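Trainee: Numbering follows our numbering, with no gaps: position 103 of the sequence shown is 113.
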Amino acid sequence: MALNSTPIPLLTPHKMGNFNLSHRVVLAPLTRNRSYNNIPQPQAILYYSQRSTNGGFLIAEATGVSTTAQGYPDTPGIWTKEQVEAWKPIVDAVHDKGGIFFCQLWHVGRASSYGFDGVEIHGANGYLLDQFMKDQVNDRIDKYGGSLENRCRFPLEIVEAVVNEIGADKVGMRLSPYASYMEASESNPEALGVYMANAVNKFGILYLHVIEPRMIKINDKYETPPSLLPMRNAFKGTFIAAGGYNVDDGTKAIADNYSDLVAFGRFFLANPDLPRRFQLNAPLNKYN
Numbered sequence: 011m012a013l014n015s016t017p018i019p020l021l022t023p024h025k026m027g028n029f030n031l032s033h034r035v036v037l038a039p040l041t042r043n044r045s046y047n048n049i050p051q052p053q054a055i056l057y058y059s060q061r062s063t064n065g066g067f068l069i070a071e072a073t074g075v076s077t078t079a080q081g082y083p084d085t086p087g088i089w090t091k092e093q094v095e096a097w098k099p100i101v102d103a104v105h106d107k108g109g110i111f112f113c114q115l116w117h118v119g120r121a122s123s124y125g126f127d128g129v130e131i132h133g134a135n136g137y138l139l140d141q142f143m144k145d146q147v148n149d150r151i152d153k154y155g156g157s158l159e160n161r162c163r164f165p166l167e168i169v170e171a172v173v174n175e176i177g178a179d180k181v182g183m184r185l186s187p188y189a190s191y192m193e194a195s196e197s198n199p200e201a202l203g204v205y206m207a208n209a210v211n212k213f214g215i216l217y218l219h220v221i222e223p224r225m226i227k228i229n230d231k232y233e234t235p236p237s238l239l240p241m242r243n244a245f246k247g248t249f250i251a252a253g254g255y256n257v258d259d260g261t262k263a264i265a266d267n268y269s270d271l272v273a274f275g276r277f278f279l280a281n282p283d284l285p286r287r288f289q290l291n292a293p294l295n296k297y298n
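#1: Check whether the Cβ atoms of proline 17 and threonine 261 lie closer than 8 angstroms to each other.
#2: What ranges does the alpha helix (DSSP H) occupy inside the stretch 212-283, keeping only unbroken runs of at least 4 residues that lie completely in it?
#3: Below 8 angstroms on the Cβ atoms is my guess for valine 272 versus isoleucine 264; work out the distance and round it to an integer in Å.
#4: Measure from the alpha carbon of isoleucine 215 to the alpha carbon of each residue in Ser190, Pro187, Gly177, Glu222, then state which is nearest.
#5: Give every residue of the same chain whose Cβ lies closer than 6 angstroms to the Cβ of methionine 225, excluding the five residues on either side of it in the sequence, and list them in chain order.
#6: Using DSSP with H/G/I as helix, E/B as strand and the rest coil, what is glycine 119?
#7: Should alanine 292 go down as buried or exposed, given a rule of 16 or more other Cβ atoms within 10 Å for buried?
#8: Can you confirm whether the stretch 124-140 touches the stretch 183-192 when touching is taken to mean that 3 or more C-beta pairs between the two stretches lie within less than 8 angstroms?
#9: Can you have a look at isoleucine 100 and say buried or exposed, based on whether 16 or more other CB atoms are within 10 angstroms of its CB?
#10: Which of helix, strand or coil does DSSP assign to arginine 184?
#11: Exposed or buried, glycine 119, counting other C-beta atoms within 10 Å across all chains shown (16 or more means buried)?
#12: What does the alpha-carbon distance come out to for the pair phenylalanine 29 and isoleucine 168?
#13: Under the three-state reduction of DSSP, which class applies to isoleucine 69: helix, strand or coil?
#14: Using CA atoms only, rank isn't needed, just tell me which of Trp97, Gly66, Glu92, Ala70 is closest to glycine 108.
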């Protein structure tokens, strides 16, 4: 087993704002329900440290900012001193390996003040902001409902507030316009995605992290439709694609300029050294 003589596109550098990434393999935010009483546990130090590389980009699991912002049991929080203190050694472990670490927030919070390099606003997967944007669930009749502009108003107010608080160069956003998690679906997902991509350009945020519309399965393989291209072409910052990628289609996404970075979830769970395995062309552990 030898190193690839020429780095595959996934393992080439990328400059994301002020961050110099050594490769394009991103740890996706993965809810694990192991933060008992909403406090990050010591085992998370090892979990994130194992998946850190010098110049690698990691996004922490979705983190709540208040007792009313919890949708699942034992998810981490960042609203008490005890929670903040529990996060610090985790963040330090990632930084000790040279990693760049963002905290994904279910709502707006204080993560940037406690060692994280930035925050990702969770506007995907049927949660609060996604519900505002999707016309099949947003039935409001005020300024936050009806037209596409109105439905996107509240999420964009959140983006503006976070940017004003910590700076656009530390803010990313996750979106899933094509998905219908928790029945939050959209009749014109391309229009929604492109509208949001153009709208967040006005705030100059660092990146967009978008979930693939993986709808078609052929011969046990999910095909990658080109439907994120309009968003990719509209957005001016770093574009991250996510959703069932493997090394081959991830490599193709970078080579074809379909995305700047690719986020991996299940493969990163089963293979903490995923970028190294890609480098060695080594077999991957199966996820379950």
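We put the beta carbon where it would ideally sit given N, CA and C, even for glycine. Computed from a predicted model, the values in this text were never measured in an experiment.
Mentor: Quick look at the numbers:
#1: By the CB criterion at 8 angstroms, proline 17 and threonine 261 fall outside the cutoff.
#2: Those alpha helix (DSSP H) runs which fall completely within the stretch 212-283 and span 4+ residues are 239-244, 257-265, 276-280.
#3: Between isoleucine 264 and valine 272 the Cβ distance is about 7 angstroms, and since that is below 8 angstroms, they are a contact.
#4: Gly177
#5: Note that methionine 225 has pLDDT 48, beneath the 50 cutoff, so the model's placement of it is unreliable and the number below is only indicative. Cβ within range, chain order: n/a, list empty.
#6: Its pLDDT being 44, under 50, glycine 119 is placed unreliably by the model, and nothing is read from it.
#7: exposed
#8: yes
#9: buried
#10: strand
#11: Its pLDDT being 44, under 50, glycine 119 is placed unreliably by the model, and nothing is read from it.
#12: 23 angstroms
#13: strand
#14: Gly66
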